[in-house]
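Here is the structure we will look at.
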Amino acid sequence: MKTEEYLKTVEVAQGGDTVVMNRNTSPIRPLSDQDIVDAVLNTAFNQYPENEEADFISAYANYAGFDPKNVAVANGSDEWIQKLIIQFGHEGVLALDPDFFMYEDYTNQLGFPFYKVASEADFTFDLRKIIQALDQYQPSLFFISNPQNPTGQQFQPVFLQKLADETEFRDITFVIDEAYIEFGQNYQRPKNLNVLYIRTLSKIYGVAGLRIGLAIGQGARFEKLKEINHPYPMNSVSLNLAYKLFEDSHRLDEWVAYQRNIQTELIAAFDQVADLVTVMPSATNFVFIFGELVPNLDKFLADNGFIGRKYTEGKMANAARYSVVDIADYPRLKATIKAWREKLGN
Numbered sequence: 001m002k003t004e005e006y007l008k009t010v011e012v013a014q015g016g017d018t019v020v021m022n023r024n025t026s027p028i029r030p031l032s033d034q035d036i037v038d039a040v041l042n043t044a045f046n047q048y049p050e051n052e053e054a055d056f057i058s059a060y061a062n063y064a065g066f067d068p069k070n071v072a073v074a075n076g077s078d079e080w081i082q083k084l085i086i087q088f089g090h091e092g093v094l095a096l097d098p099d100f101f102m103y104e105d106y107t108n109q110l111g112f113p114f115y116k117v118a119s120e121a122d123f124t125f126d127l128r129k130i131i132q133a134l135d136q137y138q139p140s141l142f143f144i145s146n147p148q149n150p151t152g153q154q155f156q157p158v159f160l161q162k163l164a165d166e167t168e169f170r171d172i173t174f175v176i177d178e179a180y181i182e183f184g185q186n187y188q189r190p191k192n193l194n195v196l197y198i199r200t201l202s203k204i205y206g207v208a209g210l211r212i213g214l215a216i217g218q219g220a221r222f223e224k225l226k227e228i229n230h231p232y233p234m235n236s237v238s239l240n241l242a243y244k245l246f247e248d249s250h251r252l253d254e255w256v257a258y259q260r261n262i263q264t265e266l267i268a269a270f271d272q273v274a275d276l277v278t279v280m281p282s283a284t285n286f287v288f289i290f291g292e293l294v295p296n297l298d299k300f301l302a303d304n305g306f307i308g309r310k311y312t313e314g315k316m317a318n319a320a321r322y323s324v325v326d327i328a329d330y331p332r333l334k335a336t337i338k339a340w341r342e343k344l345g346n
C-alpha cells in the first residue's frame with residue numbers, strides 16, 4: 001500500500017458525533033495552552049537549535065532510561081525508517097506480513113528488493129519461517145515492530161533474542177520498531193550490536209504533529225545511521241514543546257497513566273464480543289480483531305459514528321483495527337458494541 005492510498009483510508013468526516021478510531025493517535029493533547037505559549041515564547045528560533053536538541057535528548061533519555069549518547073532524533077520515526085533503508089537496505093529488506101506498511105513503501109521508493117514473511121492464519125508468526133526467510137532472501141536489513149502493528153501483539157524476549165542472534169550471524173541489520181512499546185511491557189532487549197531501535201513521541205506521548213522520532217543504538221551501525229542525519233534534524237519549536245512535556249516527570253507519569261487507562265477501556269469494550277470475533281491481545285493503543293463477523297461489526301460501528309480501520313484484501317478482509325478514544329466516549333462505544341451483539345441475538 002502506497003502512502004497516498006493509506007491516507008485515503010483515514011480521511012473521514014469528523015463532524016457531529018463521529019469518533020475517529022483509525023489513526024492510532026492520542027484523542028487529546030498533553031500540554032496546556034499555557035505550556036504551549038511558554039515553550040514557544042522561550043524559543044530562540046532566530047538561532048539554530050543545537051541546545052534545544054541536546055536538552056530534549058537528555059530529558060527523554062533520562063525519563064526513558066537510556067544513555068543520551070545512544071539516542072538520536074529525527075523528523076518522525078518514518079524518517080529513521082527511510083534512513084535505515086538508505087544505509088542498510090541495498091541487498092534487500094525483509095519484514096513481516098502484515099506489518100507497518102511504510103517499510104515496504106520506502107523500500108520501493110529506493111528501488112531495493114522487498115521481501116515478506118507471512119503470518120499464520122491466526123496472525124501469529126513462526127520463528128522457524130522467519131529464519132528460513134533470512135536464508136532464502138539474504139536481506140541486508142530486517143524490520144519488525146514490537147509491539148506489532150497492526151496486530152497489537154508483543155513478542156517474547158526469547159523470540160527477539162533468537163532473531164538478534166540469527167541476524168548477527170548473517171551480518172544483517174535488525175531493526176526493532178518500538179513505536180508502541182510504552183503501552184506494552186518492558187522487556188530484556190537484545191544487546192547485539194547489529195540491533196537498532198526506533199521510537200516515536202506520536203503514540204503514548206500524544207504529540208504526533210510535532211514529528212519527533214528517536215533512534216537508539218550503539219556501535220558502528222548506529223554511527224553509520226547517524227552519518228546521514230541532518231545537522232539540525234528537528235526545528236526548535238517542536239523540540240522545546242517536546243522538552244516541556246518531559247520537564248515534569250510526575251505530570252508525565254500521570255499523562256502516561258491516562259493513556260494506559262484509555263487502552264484498558266478500549267480492550268474492555270471489545271472483550272464484550274470476544275466470543276463472536278477474535279480479539280488479539282493488545283500491547284498497543286489499538287485493538288485488532290478478525291473473523292467472519294468483523295465486516296458486519298465494523299459497518300455497525302461506522303453507522304453509529306465510530307470509524308475504525310477496515311481492511312479489504314486477502315486474509316485481512318475480515319480484520320479491523322480500532323484506536324483509543326477519549327475516556328468520555330467509552331460509555332457510548334461500549335453501548336454500541338453491546339447493541340450490535342443484541343442485534344445478532346447473542
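For the sequence shown, position 149 matches number 149 in the UniProt record's numbering, and the numbering has no gaps at all.
Note that CB positions come from ideal geometry on N, CA and C, so glycine has one too.
Bear in mind that the values here come from a model prediction, so they are computed numbers and not experimental data.
Residues in its own chain within less than 7 Å of residue i by CB, not counting five upstream and five downstream?
i, result
"His250", "none"
"Pro295", "Asn318"
"Arg221", "Thr173, Leu193, Asn194, Leu196"
"Val71", "Ile57, Tyr60, Ala61, Leu214, Ile216"
"Glu79", "Gly213"
"Lys338", "Gln272"
"Glu265", "Ile327, Tyr330"
"Leu127", "Phe159, Lys162"
"Lys226", "Ala72"
"Ile130", "Val117, Leu163"
When the Cα of residue i is compared with those of the options, which residue comes out closest?
i, options, result
"Gly89", "Ala215, Phe143, Ser26", "Phe143"
"Thr312", "Lys299, Lys129, Leu84", "Lys299"
"Asp271", "Ile212, Lys334, Gln218", "Lys334"
"Glu342", "Glu292, Asp303, Leu276", "Leu276"
"Leu160", "Tyr106, Phe183, Arg189, Leu301", "Arg189"
"Glu168", "Gly152, Leu141, Gln156", "Leu141"
"Lys340", "Asp303, Ala121, Lys162", "Note that residue 340 is Trp in the sequence shown here, rather than Lys. With distances taken between Cα atoms, Trp340 lies closest to Asp303."
"Ser32", "Ala274, Leu252, Tyr137, Arg211", "Leu252"
"Asn108", "Glu120, Leu94, Ala121", "Leu94"
"Phe125", "Tyr137, Gln136, Ser145, Leu239", "Ser145"
"Lys315", "Ile131, Ala274, Thr151", "Thr151"
"Asn75", "Lys191, Leu110, Arg170, Leu239", "Leu239"
With DSSP as the reference, label residue i as helix, strand or coil.
i, result
"Leu276", "coil"
"Lys203", "coil"
"Leu31", "coil"
"Ser140", "coil"
"Lys299", "helix"
"Phe123", "coil"
"Thr336", "helix"
"Ala215", "strand"
"Ile289", "strand"
"Ser282", "coil"
"residue 348", "In the structure as shown, the chain begins at 1 and stops at 346. Residue 348 is therefore absent and cannot be evaluated."
"Val71", "strand"
"Thr173", "strand"
"Ala95", "strand"
"Leu193", "coil"
"Ala319", "strand"
"Tyr243", "helix"
"Ile36", "helix"
"Gln14", "In this prediction, Gln14 has a pLDDT of 45, which is less than 50 and means its spatial position is unreliable; what the coordinates show is noted afterwards. Reduced to three states, the DSSP call for Gln14 is coil."
"Val237", "helix"
"Ile198", "strand"
"Ser145", "strand"
"Tyr258", "helix"
"Ile228", "coil"
Return the Cβ separation of residue i and residue j in integer angstroms, given the expectation that the two are a contact with Cβ distance under 8 Å.
i, j, result
"Phe112", "Gly92", "6 Å"
"Tyr115", "Pro98", "Contact flag wrong, Cβ pair sits at about 14 Å."
"Ser282", "Ile262", "Between Ile262 and Ser282 the Cβ distance is about 12 Å, and since that is not below 8 Å, they are no contact."
"Gly308", "Asn22", "6 Å"
"Phe246", "Tyr63", "5 Å"
"Glu166", "Leu134", "6 Å"
"Glu53", "Val37", "No, Glu53 and Val37 are not in contact; Cβ-Cβ is about 22 Å, not under 8 Å."
"Leu301", "Thr278", "Actually they are not in contact, since the Cβ atoms of Leu301 and Thr278 sit about 16 Å apart, beyond 8 Å."
"Ala242", "Leu210", "6 Å"
"Asp35", "Lys310", "Rounded, the Cβ-Cβ distance is 36 Å, inconsistent with contact."
Leaving out five residues on either side along the sequence, give the residues of the same chain with a beta carbon under 6 Å from the beta carbon of residue i.
i, result
"Gln259", "Ile204"
"Ala118", "Asp97"
"Ile198", "Ser77, Trp80, Asp177, Ala215"
"Pro147", "Gln154, Tyr180, Gly184, Ala283, Thr284"
"Lys224", "Gln87"
"Glu104", "Phe114"
"Asn149", "Phe100"
At a cut-off of 6 Å, is residue i close to the ligand PLP when judged by its beta-carbon and the heavy atoms of the ligand?
i, result
"Glu292", "This structure simply doesn't include the ligand PLP, nor any ligand for that matter."
Can a CB atom of chain D be found closer than 7 Å to the CB of residue i?
i, result
"Glu182", "Of the protein chains in this structure there is only one, and it is not chain D."
Can you list, in chain order, the residues of its chain whose CB lies under 8 Å from that of residue i, leaving out five sequence neighbours each side?
i, result
"Ile228", "Lys83, Ile86, Gln87"
"Val237", "Ala39, Val40, Thr43, Phe45"
"Gly206", "Thr25, Ser26, Ile28, Arg29, Pro30, Trp255, Gln259"
The stretch 229-247 contacting the stretch 42-49, beta-carbon criterion three pairs below 8 Å: yes
The stretch 318-328 in contact with the stretch 283-290 per 3-pair CB rule at 8 Å: Yes: the two stretches touch, three or more of their Cβ pairs being nearer than 8 Å.
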